[in-house]
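Chains as they are written, first to last, in this note's numbering: chain A, 119 to 328; chain B, 3 to 335.
We put the beta carbon where it would ideally sit given N, CA and C, even for glycine.
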Amino acid sequence: MVAHSIFFYTFSLIAIISAIMVTVSKNTVHSVFFLILDFISISCLFIMIGAEFLGMIMLIVYVGAVAVLFLFVVMMLNVAQQKNQWFSARESSKHIPVGIIVSVIIFFELIIVIGGWKYKPDLVTAMSLTIDNDISNTHSIGYVLYTDYIHIFQLSGMILLVAMIGAIVLTFRQRSGVKRQSYFSQISREKSDGVEIIEVQQKKGVNVDD
Amino acid sequence: MLNYMNIIFLETYKIIFLLVPVLVAIAMIVWLDRRIWAFVQKRRGPNVVGPFGLLQSLADALKYLFKEIIIPSTSNKIIFILAPIITMTLALISWAVIPFSETYVLADINVGILYLFAVSSLGVYGIIMGGWASNSKYPFLGAIRSAAQMVSYEVSIGVIIINVLLCVGSLNLSDIVIAQKNVWFVIPLFPMFVIFFISALAETNRPPFDLPEAEAELVAGYQTEYSGMMYAMFWLGEYANILLMCAMGSILFLGGWLSPINIYPFTVIPGAIWLIFKILFLFILFALVKATVPRYRYDQLMKLGWKIFLPLSLLWVVFTSSYLVYFNKLPII
Numbered sequence: 119m120v121a122h123s124i125f126f127y128t129f130s131l132i133a134i135i136s137a138i139m140v141t142v143s144k145n146t147v148h149s150v151f152f153l154i155l156d157f158i159s160i161s162c163l164f165i166m167i168g169a170e171f172l173g174m175i176m177l178i179v180y181v182g183a184v185a186v187l188f189l190f191v192v193m194m195l196n197v198a199q200q201k202n203q204w205f206s207a208r209e210s211s212k213h214i215p216v217g218i219i220v221s222v223i224i225f226f227e228l229i230i231v232i233g234g235w236k237y238k239p240d241l242v243t244a245m246s247l248t249i250d251n252d253i254s255n256t257h258s259i260g261y262v263l264y265t266d267y268i269h270i271f272q273l274s275g276m277i278l279l280v281a282m283i284g285a286i287v288l289t290f291r292q293r294s295g296v297k298r299q300s301y302f303s304q305i306s307r308e309k310s311d312g313v314e315i316i317e318v319q320q321k322k323g324v325n326v327d328d
Numbered sequence: 003m004l005n006y007m008n009i010i011f012l013e014t015y016k017i018i019f020l021l022v023p024v025l026v027a028i029a030m031i032v033w034l035d036r037r038i039w040a041f042v043q044k045r046r047g048p049n050v051v052g053p054f055g056l057l058q059s060l061a062d063a064l065k066y067l068f069k070e071i072i073i074p075s076t077s078n079k080i081i082f083i084l085a086p087i088i089t090m091t092l093a094l095i096s097w098a099v100i101p102f103s104e105t106y107v108l109a110d111i112n113v114g115i116l117y118l119f120a121v122s123s124l125g126v127y128g129i130i131m132g133g134w135a136s137n138s139k140y141p142f143l144g145a146i147r148s149a150a151q152m153v154s155y156e157v158s159i160g161v162i163i164i165n166v167l168l169c170v171g172s173l174n175l176s177d178i179v180i181a182q183k184n185v186w187f188v189i190p191l192f193p194m195f196v197i198f199f200i201s202a203l204a205e206t207n208r209p210p211f212d213l214p215e216a217e218a219e220l221v222a223g224y225q226t227e228y229s230g231m232m233y234a235m236f237w238l239g240e241y242a243n244i245l246l247m248c249a250m251g252s253i254l255f256l257g258g259w260l261s262p263i264n265i266y267p268f269t270v271i272p273g274a275i276w277l278i279f280k281i282l283f284l285f286i287l288f289a290l291v292k293a294t295v296p297r298y299r300y301d302q303l304m305k306l307g308w309k310i311f312l313p314l315s316l317l318w319v320v321f322t323s324s325y326l327v328y329f330n331k332l333p334i335i
């Protein structure tokens with residue numbers, strides 16, 4: 119149990135510190151790297167409470183794909199040179215009221231969630247499903263996700279699909295004059311339509327532009 | 003307290019017993035790669051140091067060790083130093099879950115295949131960090147290319163893994179091997195094996211997909227600014243990843259530690275030997291591809307990944323699952 123708590127506090131400390139560093143660090147690329155560290159330590163925490171499937175999926179989806187794209191955008195935009203001036207800049211002080219509103223809303227949401235969990239514990243046990251300890255949590259997630267919550271699951275898939283199509287439609291531009299490679303026309307090209315053999319008359323030549 | 007110390011010592015012993023052979027294997031595999039490459043081109047290859055040149059990699063490592071490490075003055079120093087370390091570490095930690103036989107596996111975790119997939123998808127960070135921190139044109143271009151390439155081919159590898167998992171019904175690597183007791187998955191899922199092999203070539207930046215370090219265009223890609231031991235660490239990490247992809251291929255499709263025919267003289271040979279033979283077989287294929295195939299153009303590479311491999315493997319997922327459901331062969335644990 120001692121080892122367990124040592125690991126727990128190590129990972130949570132790394133998670134909290136790196137989450138703070140994401141907002142504080144001056145270099146944007148460093149922020150993304152701290153974000154990645156945050157994701158990794160949170161997935162370690164997931165694994166520690168026995169949710170190894172969620173932890174690994176978190177690692178694959180967030181760290182392996184989403185954060186790579188973040189890093190891509192940040193590196194390409196070349197914002198690394200602009201120093202992240204935190205409160206000093208007048209530009210960013212305009213956004214402070216919005217930030218305060220958002221954080222107050224999140225704070226009250228957290229109070230509601232934690233309060234409900236603290237003062238009405240029977241609510242959670244009444245809602246949650248019976249846990250079968252014989253099967254791994256990957257199987258149990260599958261059983262729940264594809265039976266009881268199939269509609270919500272499908273709906274979230276549809277939302278993602280719509281978002282994807284929307285992003286493609288917004289950025290799609292029909293460009294003219296793009297030369298594309300077509301394997302079929304390359305392979306199906308015959309000698310007869312590429313080369314023409316002409317008997318060249320002496321001192322008359324051939325008119326090429328025909 | 004003594005109990006904890008015991009556990010730590012035992013685990014350390016196990017880890018060393020796994021990692022030292024892996025590192026030696028990497029050194030040998032580098033030699034084998036160069037040797038096969040040379041033979042295909044009618045050269046001799048490294049044959050001077052030691053018997054058949056076997057100690058060539060050792061001599062190279064010694065040379066790298068004594069070279070000066072140059073850190074460019076405009077580079078981002080911490081990330082520059084961190085990049086090869088991350089590449090090397092990620093390439094080595096994934097060996098923890100590889101089952102060498104029914105009993106010899108360091109960590110027999112429930113989600114072994116997801117762990118392998120996650121760690122191999124993290125491998126891109128070493129390259130991006132190295133390319134960005136060098137603060138120079140060629141490494142940056144190489145890193146961007148490499149990241150785009152690895153992210154694209156990971157998608158098709160993931161879908162191929164789903165194909166195998168549909169037939170197994172478990173994410174545990176030992177279960178995946180045991181599920182192939184009757185027939186190796188290379189036979190029912192042969193098209194997926196071919197796509198996996200080609201995607202593995204792209205994922206490990208091997209020729210014909212070695213665009214991140216295309217020497218004719220990008221000097222040496224993301225490794226351009228690296229020297230000495232740091233360059234060697236990138237190099238070792240790359241070969242460790244190649245070996246890992248071969249191991250993954252042999253566990254997913256070639257039956258892992260299982261012997262090819264389940265009769266007397268073959269079953270006596272320990273499983274680890276069979277796994278090593280299978281890894282070597284796949285690696286020789288990798289080396290032969292390197293020696294024979296010309297490099298892809300970048301747009302062709304992307305087209306192959308997104309427009310051919312991804313739809314094909316998704317289609318095969320639909321095919322496999324409908325077959326399993328129709329004939330009521332879905333594995334249920």
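Where does the unbroken alpha helix (DSSP H) through Leu-175 of chain B begin, and where does it stop?
Per DSSP, Leu-175 of chain B belongs to the alpha helix (DSSP H) from 175-180.
Closer than 7 Å by beta-carbon distance: list the chain A residues that pair up with Tyr-6 of chain B, in chain order.
Here the neighbours are Ala-121.
Could you check the C-alpha separation between Ser-303 of chain A and Leu-177 of chain A for me, to the nearest Å?
When rounded, the distance between both Cα atoms is 43 Å.
Under the rule that 16 or more other beta-carbon atoms within 10 Å means buried, what is Glu-215 of chain B, buried or exposed?
Glu-215 of chain B comes out buried.
Starting from Ile-83 of chain B, follow the alpha helix (DSSP H) in both directions and report where the run begins and ends.
Looking at the DSSP string, the run of the alpha helix (DSSP H) that includes Ile-83 of chain B is 79-95.
Val-120 of chain A: buried (16+ other C-beta within 10 angstroms of its C-beta) or exposed?
Exposed is the call here.
Cβ neighbours of Phe-164 of chain A in the same chain (closer than 7 Å, five flanking residues each side left out)
Within the same chain, Leu-172, Gly-173 and Met-176 come within 7 Å of Phe-164 of chain A by CB-CB distance, once the 5 residues on both sides are set aside.
Output needed for Ser-159 of chain A: all residues of its chain with C-beta closer than 6 Å, excluding positions within five of it in sequence on either side, in chain order.
If the five residues before and after Ser-159 of chain A are omitted, its C-beta is found closer than 6 Å to the C-beta atoms of Phe-129, Ile-132 and Ala-133, all from its own chain and listed in chain order.
Given Gly-230 of chain B as reference, the closest of B:Leu-67, B:Gln-43, B:Val-188 and B:Met-30 once Cα atoms are compared:
Measuring from the Cα of Gly-230 of chain B, the nearest candidate turns out to be B:Leu-67.
Do Asp-98 of chain B and Ala-109 of chain B have their CB atoms nearer than 8 Å?
Inspection of the sequence shows that residue 98 of chain B is occupied by Ala rather than by Asp. The answer is yes: Cβ separation under 8 Å.
For Leu-213 of chain B, collect the residues of the same chain with a Cβ closer than 6 Å to its Cβ; drop the 5 residues on either side in sequence, then sort them by chain order.
Here the set comprises Arg-147 and Tyr-300.
Could you check the C-alpha separation between Pro-53 of chain B and Arg-46 of chain B for me, to the nearest Å?
Straight-line Cα distance between these residues: approximately 14 Å.
Hey, is Ala-149 of chain B's beta-carbon within less than 8 Å of any beta-carbon in chain A?
At least one CB atom of chain A sits nearer than 8 Å to the CB of Ala-149 of chain B.
Can you name the residues of chain A whose CB is closer than 9 Å to the CB of Val-24 of chain B?
Within 9 Å Cβ-Cβ: nothing; Val-24 of chain B doesn't reach chain A, min ~22 Å.
Are there 16 or more other CB atoms within 10 angstroms of the CB of Glu-227 of chain B, so buried, or fewer, so exposed?
Buried.
Between the segment 310-321 of chain B and the segment 273-291 of chain B, do at least 3 Cβ pairs fall closer than 8 Å?
When Cβ pairs closer than 8 Å are counted between the two stretches, the segment 310-321 of chain B is seen not to touch the segment 273-291 of chain B, the count staying below three.
CB-CB under 7 Å to Phe-152 of chain A, same chain, minus the five flanking residues each way: which ones, in chain order?
Answer for Phe-152 of chain A: Ser-136, Met-139, Val-140 and Ser-143, listed in chain order.
Please classify Ala-109 of chain B: does DSSP put it in a helix, a strand, or coil?
Three-state result, Ala-109 of chain B: coil.
Length of the line joining the Cα atoms of Ser-324 of chain B and Val-161 of chain B
So the two alpha carbons sit approximately 16 Å from each other.
Other residues of its chain near Leu-143 of chain B: CB distance less than 7 Å, five sequence neighbours each side excluded
These residues qualify, in order along the chain: Leu-220.
When you compare only the Cα positions, how much space is there between Glu-70 of chain B and Ile-200 of chain B?
Each residue's CA atom was taken as its position, placing Glu-70 of chain B and Ile-200 of chain B some 37 Å apart.
Can you tell me the Cβ-Cβ gap for Ile-73 of chain B and Lys-79 of chain B, rounded? I've got them flagged as a contact below 8 Å.
Sure, about 6 Å apart at Cβ, within 8 Å.
Pick helix, strand or coil for Pro-210 of chain B, following the three-state DSSP scheme.
Looking at Pro-210 of chain B - three-state DSSP - the assignment turns out to be coil, as it is neither helix nor strand.
With distances taken between CB atoms, is the gap from Leu-246 of chain B to Ser-96 of chain B smaller than 8 Å?
Judged by beta-carbon spacing, Ser-96 of chain B lies within the 8 Å limit of Leu-246 of chain B, meaning their Cβ atoms are closer than that value.
Residues of the segment 253-280 of chain A with Cβ closer than 9 Å to any Cβ of chain B, in chain order
Taking 9 Å as the Cβ-Cβ cut-off against chain B, the residues of the segment 253-280 of chain A that qualify are Ile-253, Ser-254, Asn-255, Thr-256 and His-257.
Please state whether the Cβ-Cβ distance between Trp-186 of chain B and Gly-257 of chain B is less than 8 Å.
Contact: yes.
Give the C-beta separation of Met-131 of chain B and Ala-85 of chain B to the nearest angstrom, bearing in mind that I take them to be a contact with Cβ-Cβ under 8 Å.
Going by Cβ atoms, the distance from Met-131 of chain B to Ala-85 of chain B rounds to 4 Å, so yes, they are a contact pair.
Residue from B:Pro-193, B:Ala-29, B:Leu-173 and B:Cys-169 whose Cα sits closest to the Cα of Lys-183 of chain B:
For the residues B:Pro-193, B:Ala-29, B:Leu-173 and B:Cys-169, the minimum Cα distance to Lys-183 of chain B belongs to B:Cys-169.
Between Phe-188 of chain A and the rest of its own chain, which residues show a CB-CB distance below 8 Å, the 5 nearest in sequence each way excluded?
Closer than 8 Å at Cβ, skipping near neighbours: Val-150 and Leu-153.
Phe-205 of chain A: buried (16+ other C-beta within 10 angstroms of its C-beta) or exposed?
With a pLDDT of only 47 at Phe-205 of chain A, under the threshold of 50, the placement of this residue in the model should not be trusted, and no figure is reported.
Could you tell me the alpha carbon to alpha carbon distance between Thr-89 of chain B and Glu-170 of chain A, rounded to whole angstroms?
Whole-angstrom Cα-Cα distance: 24 Å.
Below 8 Å, how does it come out for the segment 286-295 of chain B and the segment 33-40 of chain B: are there three or more Cβ pairs, yes or no?
Touching, per the Cβ criterion.
Whose C-beta lies closer than 8 Å to the C-beta of Leu-316 of chain B among residues of the same chain, with five residues either side of it excluded?
Its chain contains Val-161 as the residues whose beta carbon lies nearer than 8 Å to that of Leu-316 of chain B, once the 5 sequence neighbours on both sides are disregarded; these appear in chain order.
Taking any Cβ of chain A, which residues in the segment 259-285 of chain B have a Cβ under 9 Å from it, in chain order?
Within the segment 259-285 of chain B, no residue qualifies.
Minimum C-alpha distance to Thr-62 of chain B - residue among B:Met-235, B:Gly-273, B:Ile-286 and B:Val-320:
The residue you asked about is not Thr; residue 62 of chain B is Asp in the sequence shown. Among B:Met-235, B:Gly-273, B:Ile-286 and B:Val-320, the Cα nearest to that of Asp-62 of chain B belongs to B:Met-235.
From Asn-8 of chain B to Leu-195 of chain A, what distance separates their C-alpha atoms?
Each residue's Cα considered, the two are about 52 Å apart.
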